[in-house]
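Notes follow the structure.
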Amino acid sequence: MQARFGGVSRMLVLTAVTWITGCEVRTVPAADSTAAARHTDTVAGTVTTIPGTQRVVGAPDSGASDSAASAAAPAPPVTPGEATDSAPPVIPSEARDAPAVSDSVMHLEVDVAARRLHVFQGERETATYPVAVGSTQWPTERGTWTIKQVIINPAWVPPDQSWADESEPKAPGAPDNPLGRAQLVYDPPRTIHGTDKPKSIGTATSHGSIRMTNASIVRLAKAVLAASGSTRDAAWVDRALANPHTRQAVDLPHPVPIVVR
Numbered sequence: 109m110q111a112r113f114g115g116v117s118r119m120l121v122l123t124a125v126t127w128i129t130g131c132e133v134r135t136v137p138a139a140d141s142t143a144a145a146r147h148t149d150t151v152a153g154t155v156t157t158i159p160g161t162q163r164v165v166g167a168p169d170s171g172a173s174d175s176a177a178s179a180a181a182p183a184p185p186v187t188p189g190e191a192t193d194s195a196p197p198v199i200p201s202e203a204r205d206a207p208a209v210s211d212s213v214m215h216l217e218v219d220v221a222a223r224r225l226h227v228f229q230g231e232r233e234t235a236t237y238p239v240a241v242g243s244t245q246w247p248t249e250r251g252t253w254t255i256k257q258v259i260i261n262p263a264w265v266p267p268d269q270s271w272a273d274e275s276e277p278k279a280p281g282a283p284d285n286p287l288g289r290a291q292l293v294y295d296p297p298r299t300i301h302g303t304d305k306p307k308s309i310g311t312a313t314s315h316g317s318i319r320m321t322n323a324s325i326v327r328l329a330k331a332v333l334a335a336s337g338s339t340r341d342a343a344w345v346d347r348a349l350a351n352p353h354t355r356q357a358v359d360l361p362h363p364v365p366i367v368v369r
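Residue 109 is where the sequence shown starts when you use my numbering, and the numbers rise one by one after that.
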């Protein structure tokens, strides 16, 4: 019986081989070699190419995995200026880089013919004062400079000019000190200063400098110090004036422009 069953087995095998040999085996090619889906092994970090005839379990019809499909999907539109989870709002460069606009820059203008001094903050005039200017023999020089120093209780030293040959130096706070209580230095020996002759204001009688009343020069000195960024404020000026015989000089951190015309 074993021999008979053995013969039957051989006959079945021959029959199966004959049937397979006679069949046409077809391999369905991928539509495009580049269309093969790529599957990423997120654990091992390897990439496996999957033939186009196979499908990833749970993949959409395109053959790509859900994660790949979602990565390929276009991002939703973002309205300009709208905040998102991934990036802050976009600020136009013109607004981001534009400097702050300020009209606080002080400058002085002296009108020699009108015998007036004008104070400007940007384009806006904030104050004006009557002044005395140089005489015909000793005219006030026109030009553009910067005020670099403020002196409270200045000392007067006769300049090396003929009109001062017989003059004596005057100490700070002396009642006959021709510089008065304060001095703004812009083009030595020419300066803006107070006076011991208040009645000369409004005339052309100085030796080239610009005279103001003592009250006016103190007020202007405080404004110039503030505009220059100095730490010497109005209270400091008042304390310095309370000690009239002590000269106090302040170099300005940011010189203040002056035009004499």
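Backbone N, C-alpha and C define an ideal beta-carbon position, used for all residues, glycine too.
- Let me know if A290 comes out buried or exposed under the rule of 16 or more other beta-carbons within 10 Å of its beta-carbon. Position 182 of the sequence shown holds residue 290. Per the 10 Å Cβ criterion, buried.
- Look at the Cβ atom of R223, then the Cβ atom of V213, and state whether they are nearer than 7 Å. As a position in the sequence shown, residue 223 is number 115, starting the count at 1. As a position in the sequence shown, residue 213 is number 105, starting the count at 1. No, the Cβ-Cβ distance between R223 and V213 is not below 7 Å.
- Coil, strand or helix - R319 by DSSP: Sequence index remark: in the sequence shown, residue 319 carries index 211 (1-based). Residue state, collapsed to three classes: strand.
- Message: Tell me the residue span of the beta strand (DSSP E) that contains D219.
- Response: Indexing the sequence shown from 1 puts residue 219 at position 111. Note, D219: beta strand (DSSP E), 214-219.
- Which of helix, strand or coil does DSSP assign to S314? Working through the sequence shown from its first residue, we reach residue 314 at position 206. In the structure shown, S314 sits in a strand (DSSP, three-state: E or B).
- Per DSSP, the bridge partner or partners of A290: The count along the sequence shown starts at 1 and reaches residue 290 at position 182. Answer by DSSP bridge pairing, in chain order: I260.
- Message: Let me check understanding here. Comparing Cα to Cα, which of P247, Y237, Q257, S243 lies closest to P363?
- Response: Taking the sequence shown and counting its residues from 1, one reaches residue 363 at position 255. Minimum Cα distance to P363 is reached at Q257.
- Item | Residue environment, N261, which counts as buried when at least 16 other CB atoms sit within 10 Å | By one-based count along the sequence shown, residue 261 stands at place 153. By the 10 Å Cβ count, N261 comes out buried.
- Message: Which residue marks the beginning of the alpha helix (DSSP H) containing A343, and which one marks its end?
- Response: Residue 343 sits at position 235 when you count from the first residue of the sequence shown. It spans 342-349 - the alpha helix (DSSP H) in which A343 sits, taken as one unbroken run.
- What are the start and end residues of the beta strand (DSSP E) that includes V382? In the structure displayed, the chain extends from 109 to 369; residue 382 sits before or after that span and is not available.
- Task: From the DSSP output, in three-state form, read off R355 for me.
- Result: Here the question's residue 355 lines up with position 247 in the sequence shown. It is coil, neither helix nor strand.
- Message: Under 8 Å: do the region 262-280 and the region 334-343 share three or more Cβ pairs, one atom per stretch?
- Response: no
- Task: May I ask which residues mark the beginning and end of the beta strand (DSSP E) holding D235?
- Result: Residue mapping note: residue 235 aligns to position 127 of the sequence shown, counting from 1. Checking the displayed sequence, the identity of residue 235 turns out to be Ala instead of Asp. From DSSP, the beta strand (DSSP E) with A235 extends over 232-238.
- Would you mind reading off the limits of the beta strand (DSSP E) that contains R298? In the sequence shown, residue 298 corresponds to position 190, counting from 1. First-last of the beta strand (DSSP E) with R298: 298-301.
- Message: So for I378, helix, strand or coil by DSSP?
- Response: The structure shown does not extend to residue 378, since the chain is modelled only from 109 to 369, so the question has no answer here.
- Bridge-paired residues (DSSP) for T252: Counting from 1 along the sequence shown, the entry for residue 252 is found at position 144. Answer by DSSP bridge pairing, in chain order: V367.
- Just mark K330 as buried or exposed, buried being the case when its beta carbon has 16 or more other beta carbons within 10 Å. Reading the sequence shown from its first residue, position 222 is the one you call residue 330. The residue is buried, with at least 16 neighbouring Cβ atoms inside 10 Å.
- For S117, three-class secondary structure by DSSP: Looking up residue 117 in the sequence shown gives position 9. Because the pLDDT of S117 is 46, which lies under 50, any placement of that residue in the model is unreliable, and the question is left without a value.
- Does the region 298-316 come close enough to the region 337-350 to have 3 or more Cβ pairs within less than 8 Å? no
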